[in-house]
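If you're matching positions, the sequence shown starts at 14 in this note's numbering and goes up one per residue.
Every residue, glycine too, gets a C-beta built ideally from N, C-alpha and C.
First the structure, in the form of structure tokens, and then the observations on it.
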Amino acid sequence: MTIHDLTDKQLEILLLIYRFRFLNRNHIQQFLNHKNHSLIIRYLNQLSDHQLINKIHSTKRTDINSPSVYYLATKAKSLLKDYDKCNPDLLGRVYREKYRSESFRSHCLLLADLYFLFQKAAEEQKATCHFYTATDISTIAYAPLPLPDAYITIKEKNKHIKRYFLDIFNEGMPMFAVRRRINQYCRYYTDNFWQDHNKDPFPKVFLICPTVRVQKSLLKSVPQTLAVEGADISFFLGLKEDLARQGIRPDSWEAV
């Protein structure tokens, strides 16, 4: 099978999974803007039959009605390696996707949830949102390292464009690792990676916190770190639970 044997929808699904790494059936249905879930299942089954994607069923009783989660299978690497929208270096990770932790998979699924929340918020404001995953920006030489979970641009009605980096902190992530991420952004700023390659203002940074404890800790520590490092970065803290329940609103974020 070659890439030319795929239908447009099949290729679109593969590229979505390549970008987000793990997606459930509901995500894919939303991305394709299909009301008929049985048609989406048929597309997914066809790709599974060709061994281009793998499926994960939840084994928890509480998740028995949760949609299956999909990721690229190893055969997808040879199919996509010459496609201009894919980075061949990143395709090598498909061999390891089946070994990813549940925490990692949940992280990817949350990122997809956030994509739709940002799109909905932008639509309500009659703005345009472009949402680039870490995979999308992997070839940009001046991007922060480690790569953020997403780079987001929002073009408002007056044509003004706002830019953001987005990072998700997983539940159970040690606070030293959380604080290290703040330090990495500060070094990225003070080393002028963005400023030397871009005339646009330095992006603001959205941080998704798993708990109130992490959020409160960052509200206290981030201003201190910014002062010590001499970094003029605007951080905005959002609580995962609040975003899931209320969506993205102006009051969803606490400015640091």
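Cα-Cα separation, residue i to residue j
| i | j | result |
| --- | --- | --- |
| residue 228 | residue 167 | 24 Å |
| residue 170 | residue 262 | 17 Å |
| residue 158 | residue 54 | 37 Å |
| residue 128 | residue 143 | 9 Å |
| residue 255 | residue 265 | 7 Å |
| residue 41 | residue 214 | 34 Å |
| residue 249 | residue 222 | 10 Å |
| residue 16 | residue 132 | 30 Å |
| residue 59 | residue 237 | 53 Å |
| residue 235 | residue 50 | 44 Å |
| residue 126 | residue 150 | 19 Å |
| residue 14 | residue 108 | 19 Å |
| residue 115 | residue 66 | 18 Å |
| residue 139 | residue 179 | 21 Å |
| residue 111 | residue 240 | 42 Å |
| residue 225 | residue 184 | 11 Å |
| residue 86 | residue 120 | 19 Å |
| residue 198 | residue 191 | 11 Å |
| residue 102 | residue 113 | 18 Å |
| residue 137 | residue 36 | 25 Å |
| residue 23 | residue 130 | 25 Å |
| residue 98 | residue 21 | 14 Å |
| residue 187 | residue 106 | 25 Å |
Contact check, residue i vs residue j, beta carbons under 9 Å
| i | j | result |
| --- | --- | --- |
| residue 84 | residue 38 | no |
| residue 176 | residue 242 | no |
| residue 63 | residue 81 | no |
| residue 220 | residue 189 | no |
| residue 52 | residue 25 | no |
| residue 90 | residue 104 | yes |
| residue 212 | residue 246 | no |
| residue 92 | residue 27 | yes |
| residue 174 | residue 231 | no |
| residue 68 | residue 57 | yes |
Residue i, enclosing alpha helix (DSSP H) - first and last residue
| i | result |
| --- | --- |
| residue 31 | 21-33 |
| residue 94 | Premise fails: residue 94 is in no alpha helix (DSSP H) and is neither H nor E. |
| residue 229 | 225-242 |
| residue 41 | 38-45 |
| residue 86 | Premise fails: residue 86 is in no alpha helix (DSSP H) and is neither H nor E. |
| residue 253 | 253-259 |
| residue 57 | 50-62 |
| residue 206 | 206-210 |
Start and end residues, beta strand (DSSP E) containing residue i
| i | result |
| --- | --- |
| residue 180 | 174-181 |
| residue 146 | 141-146 |
| residue 203 | First-last for residue 203: 188-203, but that is the alpha helix (DSSP H), not the beta strand (DSSP E). |
| residue 268 | 266-268 |
| residue 217 | 217-222 |
| residue 15 | Element bounds for residue 15: n/a, residue is neither H nor E. |
| residue 67 | 66-69 |
| residue 167 | 163-168 |
Nearest-angstrom Cβ-Cβ length linking residue i and residue j, presumed shorter than 8 Å
| i | j | result |
| --- | --- | --- |
| residue 141 | residue 31 | Between residue 31 and residue 141 the Cβ distance is about 23 Å, and since that is not below 8 Å, they are no contact. |
| residue 152 | residue 100 | 6 Å |
| residue 162 | residue 124 | 5 Å |
| residue 155 | residue 117 | With a Cβ gap of about 26 Å, residue 155 and residue 117 do not count as contacting. |
| residue 260 | residue 134 | 7 Å |
| residue 268 | residue 202 | Going by Cβ atoms, the distance from residue 268 to residue 202 rounds to 17 Å, so no, they are not a contact pair. |
Residue i CB to nearest heavy atom of the ligand NAP below 8 Å
| i | result |
| --- | --- |
| residue 159 | In terms of ligand content, the structure shown is empty, and the ligand NAP therefore cannot be addressed. |
Min CB distance residue i to chain C below 9 Å
| i | result |
| --- | --- |
| residue 32 | No chain C is present in this structure, which holds just one protein chain. |
What runs of the beta strand (DSSP E), each 3 residues or longer, lie entirely inside the stretch 95-160?
-> 141-146
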